[in-house]
Amino acid sequence: MTTPFDEIAGLNKIIHEPARLAILTALSSCKKADFLFLRRLTGLTKGNLSAHLAKLEQSSLVDIEKTFLGKKPATFVRLTDEGWSQIEAHWKRLENLRNGARHWSPEEEAGP
Amino acid sequence: MQTGHPQVPARDDIERLRFVTENYTQIQGLRLVPFGLFFLAKGLGGEAFTDKWVLFPSLLAAFLLFFLIGRYYESRFGRVRRKTSCLVKDALAAGLTLILITAGVQLENSYDLPFNLVALVVGGLFFYIHLHSVGRRSHYGWLALLFVLLGLLPATGWVTAEQIFAPQPTIGDFMLAGAYILGGVLDHRMLARSFPPDPDEESDDDAF
Numbered sequence: 012m013t014t015p016f017d018e019i020a021g022l023n024k025i026i027h028e029p030a031r032l033a034i035l036t037a038l039s040s041c042k043k044a045d046f047l048f049l050r051r052l053t054g055l056t057k058g059n060l061s062a063h064l065a066k067l068e069q070s071s072l073v074d075i076e077k078t079f080l081g082k083k084p085a086t087f088v089r090l091t092d093e094g095w096s097q098i099e100a101h102w103k104r105l106e107n108l109r110n111g112a113r114h115w116s117p118e119e120e121a122g123p
Numbered sequence: 525m526q527t528g529h530p531q532v533p534a535r536d537d538i539e540r541l542r543f544v545t546e547n548y549t550q551i552q553g554l555r556l557v558p559f560g561l562f563f564l565a566k567g568l569g570g571e572a573f574t575d576k577w578v579l580f581p582s583l584l585a586a587f588l589l590f591f592l593i594g595r596y597y598e599s600r601f602g603r604v605r606r607k608t609s610c611l612v613k614d615a616l617a618a619g620l621t622l623i624l625i626t627a628g629v630q631l632e633n634s635y636d637l638p639f640n641l642v643a644l645v646v647g648g649l650f651f652y653i654h655l656h657s658v659g660r661r662s663h664y665g666w667l668a669l670l671f672v673l674l675g676l677l678p679a680t681g682w683v684t685a686e687q688i689f690a691p692q693p694t695i696g697d698f699m700l701a702g703a704y705i706l707g708g709v710l711d712h713r714m715l716a717r718s719f720p721p722d723p724d725e726e727s728d729d730d731a732f
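Heads up: the protein sequence lines correspond to chains A and B, in order.
So the mapping is simple: the numbering used here equals the position in the first sequence, first residue as 1, plus 11.
So the mapping is simple: the numbering used here equals the position in the second sequence, first residue as 1, plus 524.
See below:
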């Protein structure tokens, strides 16, 4: 039987960082979003958001698409297939952790 | 970023991220205001709005403003492309509303009904919006109630079902005007409050 602590140990650190989790959660609610929207929604600075997106892109969790809308440059970000499955698995794991922690007792863990 | 725990964004914050992203287009409330002004002008304009040279340019102006205000939201808060499943769901809801309104008008023309079906359908639509807003757009619950009461008004005998939306001037036009303007302004207020303060004051296009 897994304990809440096993679940914690199994969390993906790339995804679990609060800012990156917020970015991935927002992206899982749409097809794609631009840089400005993600920045305004998360309240991150440009530099911070860029750094987090670079890390997520390196981990193949997001795709970054640079394009032009008229004459203005725009950067759209979307989840990759890997990103979709990772964020869904992550939320499932957090939910299990929450439920497990609610019913967990140290006596059970110690055993007879 | 608003977090309630050093490791995980708070539950409310997750709900905010999901709701705003999923419903970003619909909560751009100021885009509804031109349609509210259109219904207000239609209610006040009386017979003038039966002339197609007044009606269609006014409607066109409302659509033009709708798109221009959309550009304002894109430049201030950014762009989101919605999931296909959300687009399909909304298209089905809009299609169903249109069918029910058309059927309502036909029934009202054919029978002497003790209620106004169009107002009841609009009330139903507002209630649907209210139900799908996880408590963030409670004003649509009140608007739904108002339109249901409006739809049942003919049962009191004070007005007939036809008098709600036609002929001019109509209670329905003023009610729709109020609903679009009030609903739009409150949606905009909710959207603006859903975004944390901007840490980068200067305008940005791309830092990435």
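All C-beta atoms, glycine included, are put in the ideal place defined by N, C-alpha and C.
At a cut-off of 7 Å, the C-beta of B/F601 has a neighbouring C-beta in chain A. For A/A37, a Cβ of chain B is located within less than 7 Å of the residue's own Cβ. Excluding the 5 residues flanking it on each side, B/A627 has same chain C-beta neighbours closer than 8 Å at L641, in chain order.
Contact of A/R109 with chain B is not assigned, every C-beta pair being separated by 7 Å or more. Note on B/S657: 16 or more other CB atoms within 10 angstroms of its CB, so buried under the neighbour-count rule. Per the Cβ contact rule, the stretch 605-612 of chain B is not in contact with the stretch 628-636 of chain B (fewer than 3 Cβ pairs under 8 Å). According to the DSSP assignment, B/A668 belongs to the alpha helix (DSSP H) that extends over H663 to L676. Looking at the DSSP output, A/I75 bridges to A/V88. For A/S96, not one C-beta of chain B is nearer than 7 Å to its own C-beta.
Neighbours of A/D45 in chain B, taken as residues at a C-beta separation under 7 Å, are given in chain order as G602 and R603. When DSSP states are grouped into helix, strand and coil, B/D575 belongs to the coil group.
Just so you know, the alpha carbons of B/E598 and B/P678 end up roughly 43 Å apart. Between the alpha carbons of B/D614 and B/W666 lies a distance of about 21 Å. B/R605 is bridged by DSSP to A/K43. A/L80 has A/K83 as its beta-bridge partners, per DSSP. Considering only beta carbons, the part of the stretch 43-71 of chain A lying closer than 9 Å to chain B consists of K43, A44, D45, F46, L47, F48, L49, R50, R51, L52, T53, G54, L55, T56, K57, G58, N59, L60, S61, L64 and A65, in chain order. In the displayed model, B/I551 falls within coil according to three-state DSSP, outside both helix and strand.
Think of a sphere of 7 Å around the beta carbon of B/V544: the chain A residues whose beta carbon falls inside it are L52, in chain order. Remark: C-beta atoms of A/T36 and B/L541 approach each other more closely than 7 Å. Chain A places no beta carbon closer than 7 Å to that of B/D614, leaving this residue out of the contacts. Close to B/F719, with beta-carbon spacing below 7 Å, are these residues of chain A in chain order: R51 and L52.
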